[in-house]
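Residue numbers for the sequence shown follow my numbering, so the first one is 24 and each next one is one higher.
Have a look at the structure below, then the notes.
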Amino acid sequence: ANFQKGFLVGKKDLSISFFECGLNREIEVDKIDYKLLNILAIDARKPLIEIAHELGISDKMVSYRIKKLEKLKVIHSYGVQIDMDKIGLNYYMIHLFFKDFSGERFKELKNFAITHPNVVYIDEALGGPDFEIELYVKTKQEYYEFLTELRYKFSDLIRDFRTLHYPEEFKLVLFPWKG
24 ANFQKGFLVG
34 KKDLSISFFE
44 CGLNREIEVD
54 KIDYKLLNIL
64 AIDARKPLIE
74 IAHELGISDK
84 MVSYRIKKLE
94 KLKVIHSYGV
104 QIDMDKIGLN
114 YYMIHLFFKD
124 FSGERFKELK
134 NFAITHPNVV
144 YIDEALGGPD
154 FEIELYVKTK
164 QEYYEFLTEL
174 RYKFSDLIRD
184 FRTLHYPEEF
194 KLVLFPWKG
């Protein structure tokens, strides 16, 4: 699940839905929609007239198709790529490995991560780590405080963990097809 970066404004708005994949029915899209999605994945701010020219259709048809894909929730949201380093933030990922799985305790852990203002992404995984948490913090000390709280609250659940620090974040294009 991908969350808003609420820590940038001092709070996380949980009333806005977050991005989750693989939970809904499959939607049929044609070749033009695939090409359109690929264009938007690379540059969602590209003018409709330029997109129309690339696709060989009218700008009104591009607008119609985008609205249709939004309504079907194929397009969930649009975002901006922020250079977090320039505003003094560090990006960390924590891989958690569980010792004993408890559905109730896992729900509590997931809720802890979802509601924490610095957490921007969580993932339940098969193979490798059992759960991943990604967050932004200003200092190593702030990261250690988060990790200490996490390990204290969920010591019965967490067997081991691994920390990854990313000194630079690159744009993630979630749409791999070239269509």
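For every residue, glycine included, the Cβ atom is placed at its ideal position computed from N, Cα and C.
Practice item. Tell me whether L95 sits in a helix, a strand or coil according to DSSP, three-state version. Key: coil
Point to revise | Same chain only: Cβ atoms within 6 Å of D108, ignoring 5 sequence neighbours per side | key: none
Point to revise | According to DSSP, residues forming a beta bridge with H118 | key: E155 and R185
Review point. By Cβ distance, which residues of its chain are closer than 8 Å to F177, with the 5 residues on each side in sequence left out?
Key: R128, E131, L132 and F135
**Study point:** Identified DSSP bridge partners for Y101
**Key:** In the DSSP output, where bridge partners are listed per residue, Y101 has none listed.
Check your understanding: CB-CB under 8 Å to A75, same chain, minus the five flanking residues each way: which ones, in chain order?
Key -> S81, D82, M84 and V85
Review point. DSSP beta-bridge partners for D179?
Key: In the DSSP output, where bridge partners are listed per residue, D179 has none listed.
Check your understanding: Opposite N113 in the DSSP bridges: which residues?
Key -> V160
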